[in-house]
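J.: Numbering (the numbering used here), first residue to last: 11 to 398. Heads up, the beta-carbon is just placed ideally off N, CA and C, and yes, glycines get one too. The structure under discussion is supplied below as structure tokens; questions concerning it will follow.
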Amino acid sequence: MHVRLAERTLDISPFYVMELLHRAKQLEAQGKDVIHMEIGEPDFATPQTIVAAGVRHLQSGEVKYTPAAGLPELREKIAAFYRQRYGVSVSPQRIFVTPGASGAFLLAFGVSLNPNEELLMADPCYPCNRNFVTLFGGKTNSIAVDADSRYQLTARLIKQHWTPATKGALIASPSNPTGTLIEPEELRRCIQAVNALGGCFYSDEIYHGLVYGEQATTALAVSDDVFVVNSFSKYFGMTGWRIGWLIVPDEFVEATEKLAQNIFIATATLSQYAALAAFDESTGVELESRRAEFAARRDFLYQHLLRLGFEIPIKPEGAFYIYARCDKFTDDSFKFAADFLEAEGVAITPGKDFGSIGAHQMLRFAYTTSIAKMAIAVQRLERFINRG
Ligand SMILES: Cc1ncc(COP(=O)(O)O)c(C=O)c1O
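Have a look at this one:
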């Protein structure tokens with residue numbers, strides 16, 4: 011039986027939180043009130059301006075394939091977004107509309123990674139990116155990072171861990187699960203180090219819209235020789251529409267186009283027309299008020315987790331996660347999360363979904379739910395901890 015299953019599937023890790031989600035659904039079906047703080051998905055609906063643009067296109071009935079790289083108008087709008095937001099000029103030719111950041115990574119690794127080549131990534135990090143490397147026969151060298159480097163890779167770590175098998179390095183800023191940003195100077199040094207070593211640099215910028223202090227720096231402000239991944243999922247509230255984008259260095263444009271034609275044909279047409287409204291001024295006003303709400307949620311949750319005795323070495327600056335050390339209460343965060351769900355009906359994510367180093371003492375709390383619900387979750391957490 012075993013032989014029929016591709017070996018690579020054995021090296022791809024499941025999302026452990028799915029077990030908890032499954033259990034949460036069972037509890038809900040039994041009538042229990044469950045508060046969801048495990049899911050990396052905004053609780054806000056897609057802005058109506060975006061929905062309306064999608065509906066208008068749907069009603070035309072012309073829901074045909076688009077060019078593989080995406081609607082030319084959308085690629086232009088994304089290029090304009092880089093000019094306005096970051097003061098960076100990117101040719102629309104280098105921009106590919108993709109089925110989410112996930113589709114962007116499939117293309118980026120598909121055009122740049124050979125079997126057995128290795129990528130440097132931080133531990134902890136978002137697990138799917140690691141699994142995509144495995145899918146292409148590559149290897150991940152996960153480097154332990156901590157609060158000293160804001161849970162980000164540094165140029166020093168990249169140089170120290172670089173071997174003849176290394177193809178490149180990937181950073182995600184703000185990071186999932188820690189919400190921390192790489193400092194602009196460190197980003198510059200990392201990109202310069204990778205460029206000097208002749209490797210590929212991948213920057214996962216999916217949470218760039220959701221920062222609560224300093225604006226995040228795009229890798230494109232440092233160099234054109236980078237892969238930049240972004241998405242309409244999180245800031246733009248379009249998770250289920252499955253649409254994002256990838257920006258590639260010039261020399262990869264042709265190969266990326268070829269791969270996109272073959273793997274996806276194109277990203278969903280409906281979603282692309284809807285996303286045309288994502289950069290409208292009125293959409294922006296709504297998205298910015300959501301960002302302010304996320305900032306307030308972060309402050310609320312951060313303060314209460316500290317009060318309860320969780321350790322959070324750096325206050326997260328973006329995304330919608332707090333990665334907290336829970337060793338005061340347990341040395342098995344998966345069991346803690348499972349028991350907490352069972353006893354109190356609050357779902358959170360165990361550290362082992364994001365890495366292996368010290369992960370059993372970490373929990374990720376997503377503030378993708380209202381302050382009112384989080385206030386109840388905090389009370390339940392306090393009761394659970396005090397019960398011992
Ligand atoms: C860091 C990071 N990158 C990429 C993704 C994939 O996002 P999507 O495919 O929905 O755009 C996620 C989703 O949670 C993420 O957290």
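Going by the C-beta, is R252 closer than 8 Å to any heavy atom of ligand 1?
T.: Yes, the beta carbon of R252 sits closer than 8 Å to at least one heavy atom of ligand 1.
J.: Can you pull the DSSP bridge partners for V356?
T.: Residue pairing by DSSP places V356 opposite I45 in a beta bridge.
J.: Would you call the region 386-397 and the region 57-77 touching, i.e. three or more CB-CB distances under 8 Å?
T.: no
J.: Relative to the C-alpha of L256, which residue among F106, E267, E127 is closest?
T.: F106
J.: Which of the three DSSP states is assigned to F237 in this structure?
T.: If DSSP states are grouped into helix, strand and coil, F237 belongs with the strands.
J.: Do W172 and L117 have their C-beta atoms closer together than 9 Å?
T.: no
J.: Tell me where the alpha helix (DSSP H) around G10 begins and ends.
T.: The chain is shown from 11 up to 398; residue 10 falls before or after that span and cannot be answered.
J.: Applying the criterion that 16 or more other CB atoms from any shown protein chain within 10 Å of the CB defines a buried residue, is M47 buried or exposed?
T.: buried
J.: When the distance is taken between beta carbons, is A348 closer than 9 Å to R33?
T.: yes
J.: With a threshold of 8 Å, are at least 3 pairs of Cβ atoms found where one atom belongs to the region 310-324 and the other to the region 270-278?
T.: no
J.: Could you tell me if P184 is buried or exposed, where buried requires 16 or more neighbouring beta carbons within 10 angstroms of its beta carbon?
T.: buried
J.: Note down the Cα distance separating A55 from K169, rounded to an integer number of angstroms.
T.: 43 Å
J.: Looking at Y217: is its Cβ nearer than 9 Å to the Cβ of G328?
T.: yes
J.: Along the chain, where does the alpha helix (DSSP H) containing K338 start, and where does it finish?
T.: For K338, no alpha helix (DSSP H) segment is defined, and its DSSP state is neither H nor E.
J.: Excluding sequence positions up to five away, which residues of its chain have a Cβ less than 7 Å from the Cβ of A288?
T.: I60, F242, F246, listed in sequence order.
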